[in-house]
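S.K.: Below you'll find the structure I mean.
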Amino acid sequence: MTIDTEQIKKLRELTGAGIMECKRTLEEAGGDFGKAQALLIERAAEKAEKKSDRETKHGLIDAYIHGDGRIGVLVEVLCETDFLSRSELFRRLVRDLALQIASESPLFISIDDVPPEVIRKVENEAESIARAQGKPERVIEKIKAGKVRKYLSQVCLLEQRFIKDDSMTVGDIVRTFAGRSGENVQVRFFVARTERVIPAPHMPRGPEACAAQLTRAISSASVCPLRNRPRSRQQHQSQRPNLSCRASCRLPSPARHRVPR
Numbered sequence: 008m009t010i011d012t013e014q015i016k017k018l019r020e021l022t023g024a025g026i027m028e029c030k031r032t033l034e035e036a037g038g039d040f041g042k043a044q045a046l047l048i049e050r051a052a053e054k055a056e057k058k059s060d061r062e063t064k065h066g067l068i069d070a071y072i073h074g075d076g077r078i079g080v081l082v083e084v085l086c087e088t089d090f091l092s093r094s095e096l097f098r099r100l101v102r103d104l105a106l107q108i109a110s111e112s113p114l115f116i117s118i119d120d121v122p123p124e125v126i127r128k129v130e131n132e133a134e135s136i137a138r139a140q141g142k143p144e145r146v147i148e149k150i151k152a153g154k155v156r157k158y159l160s161q162v163c164l165l166e167q168r169f170i171k172d173d174s175m176t177v178g179d180i181v182r183t184f185a186g187r188s189g190e191n192v193q194v195r196f197f198v199a200r201t202e203r204v205i206p207a208p209h210m211p212r213g214p215e216a217c218a219a220q221l222t223r224a225i226s227s228a229s230v231c232p233l234r235n236r237p238r239s240r241q242q243h244q245s246q247r248p249n250l251s252c253r254a255s256c257r258l259p260s261p262a263r264h265r266v267p268r
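Have a look at this one:
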């Protein structure tokens, strides 16, 4: 079958796959663009999963400031080699993540970082509303699951819809990049301040606590950490990756985290 070159070009831009791979995948999908995109994302994710246990010693910290200092983001992304961390494609990925955080104000990196008590609170609120409306038990369970899914898609960075292409999640973007680069790529931490600041109940309150949190984040990359990272300062200093820094900044006020209404 004949494949439109514009489709190949667009698929390559979205997924980062090679021209011939895009062409073959479109042919395999029978010309269905959405199916071809999903196949490429799935295959890239499989490649990324195989590399997820590799050590990440290099990376990049990027800062994004917007609105005369009213919005500020600091994000760190790790990879395996210095070569990749200095590449323009990697820098673009980190900058896109900073823009995503500034725009969508996530609270956590991944679902694994969400405390169980936060999930329980969302479930309890959904259950209370459903019972007040007289919903049957089987429907209540579905409502609770739906509310949790929606909440996680709002507060977890990797579960959010990518602001530059809402057909993909941020997790899809990172996994696709990792699969194409052949390296383990991980978002390690972020700190954000937005115009709408509402501290979550499980986050430190008060200016002193928030200032201390920001200081720890910058000095030891301890905000929104990946699981199984070294926790003690001595362990962290001995295993700290080599980082490049695109920008150096001082956030205009202590970082807090927003809870979506």
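Mapping of the sequence shown onto this note's numbering: residues 8 to 268, in sequence order. Each residue gets a CB set at the ideal place from its N, CA and C atoms; glycine is no exception. Computed from a prediction, not measured in an experiment: that's the story for all the values here.
(1) Please state if the CB of Asp179 and the CB of Ile15 are separated by a distance shorter than 9 Å.
(2) Can you look up Val82 in the DSSP assignment and give me helix, strand or coil?
(3) So, with DSSP's three-state summary, where would you put Leu114?
(4) Return the chain-ordered list of same chain residues with a C-beta closer than 8 Å to the C-beta of Glu28, the five sequence neighbours on each side being excluded.
(5) Along the chain, where does the beta strand (DSSP E) that runs through Gly66 open and close?
(6) Starting from Ala52, follow its DSSP beta bridges and name the residues at the other end.
(7) Enumerated in chain order, which unbroken segments of the beta strand (DSSP E) with a length of 3 residues or greater are wholly contained in the region 148–207?
(8) Does the beta-carbon of Asp103 have 16 or more other beta-carbons within 10 angstroms, so that it is buried, or is it exposed?
(9) With DSSP collapsed to three states, give me the class of Thr22.
(10) Among Ile108, Leu81, Glu87, which residue has its Cα nearest to the Cα of Lys171?
(11) Whole angstroms are fine: how far does the CA of Ser112 sit from the CA of Val198?
(12) Determine the DSSP secondary structure at Arg127, reduced to helix, strand or coil.
(13) Apply the 10 Å Cβ neighbour rule to Ile193 and answer buried if 16 or more other Cβ atoms are within range, or exposed otherwise.
(14) To the nearest angstrom, how far is the alpha carbon of Glu166 from that of Asp173?
(15) Helix, strand or coil for Asp89, going by three-state DSSP, please let me know.
(16) So, for His73: in the same chain, excluding its five sequence neighbours on each side, which residues have a beta-carbon less than 7 Å away from its beta-carbon?
(17) Which term fits Val146, buried or exposed, when burial requires 16 or more other beta carbons within 10 angstroms of its beta carbon?
M.R.: Put simply:
(1) Contact: no.
(2) Correct three-state label for Val82: strand.
(3) Three-state result, Leu114: coil.
(4) Around Glu28: Leu47.
(5) Residues 65–73.
(6) In the DSSP output, where bridge partners are listed per residue, Ala52 has none listed.
(7) The qualifying runs are 172–176, 193–200.
(8) When all chains shown are included, Asp103 counts as buried.
(9) Helix.
(10) Among Ile108, Leu81, Glu87, the Cα nearest to that of Lys171 belongs to Ile108.
(11) Taking the straight line joining both Cα atoms gives about 10 Å.
(12) The answer is helix: DSSP assigns Arg127 an H, G or I state.
(13) Note on residue identity: the sequence assigns Gln, not Ile, to residue 193. The residue is buried, with at least 16 neighbouring Cβ atoms inside 10 Å.
(14) Taking C-alpha positions only, Glu166 is separated from Asp173 by approximately 11 Å.
(15) Look at Asp89 here: in three-state DSSP terms it is helix.
(16) Within the same chain, Ala109 come within 7 Å of His73 by CB-CB distance, once the 5 residues on both sides are set aside.
(17) Burial call: exposed.
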